[in-house]
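**Student:**
In the UniProt record's numbering, the protein residues as written are 1 to 85.
(1) Do residue 85 and residue 45 have their CB atoms nearer than 8 angstroms?
(2) Could you have a look at residue 29 and say whether DSSP puts it in helix, strand or coil?
(3) For residue 38, name the three-state secondary structure that DSSP assigns.
(4) For residue 58, does the three-state DSSP call read helix, strand or coil?
(5) Quickly, what does DSSP pair residue 72 with across the bridge? List them, please.
Below you can see the structure in the form of structure tokens.
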């Protein structure tokens with residue numbers, strides 16, 4: 001399944017910092033190569049954009065059950081940048 005808009009180019013954009021694997025995968029996909037190497041399977045899918053740098057999110061909220069204020073840090077909740085994989 002592809003996560004990009006339909007008008008997005010089929011090769012990784014340089015600003016998305018694609019891995020070598022993503023670059024080769026996009027070329028294999030554009031050439032219509034089969035994913036299993038036999039020529040009978042499904043084609044190699046396009047790479048997709050995934051988070052590559054995330055930061056924590058700190059929330060301050062009132063816990064109704066315990067009747068107190070809670071400060072909680074949730075790691076890796078905010079996506080700061082993405083990359084083609």
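C-beta: ideal position from N, C-alpha, C; glycine also.
**Tutor:** Checking against the coordinates, here is how it stands:
(1) For the purposes of this step, residue 85 is identified with residue 85 of the chain shown, where counting begins at 1. For the purposes of this step, residue 45 is identified with residue 45 of the chain shown, where counting begins at 1. No, they are not a contact pair.
(2) The count along the chain shown starts at 1 and reaches residue 29 at position 29. Residue 29 falls in the helix class under three-state DSSP.
(3) Reading the chain shown from its first residue, position 38 is the one you call residue 38. In the structure shown, residue 38 sits in coil (DSSP, three-state: anything other than H, G, I, E or B).
(4) For this step, residue 58 is matched to residue 58 along the chain shown. Strand at residue 58.
(5) As a working mapping, residue 72 is identified with position 72 in the chain shown. Looking at the DSSP assignment, residue 72 forms a beta bridge with 59.
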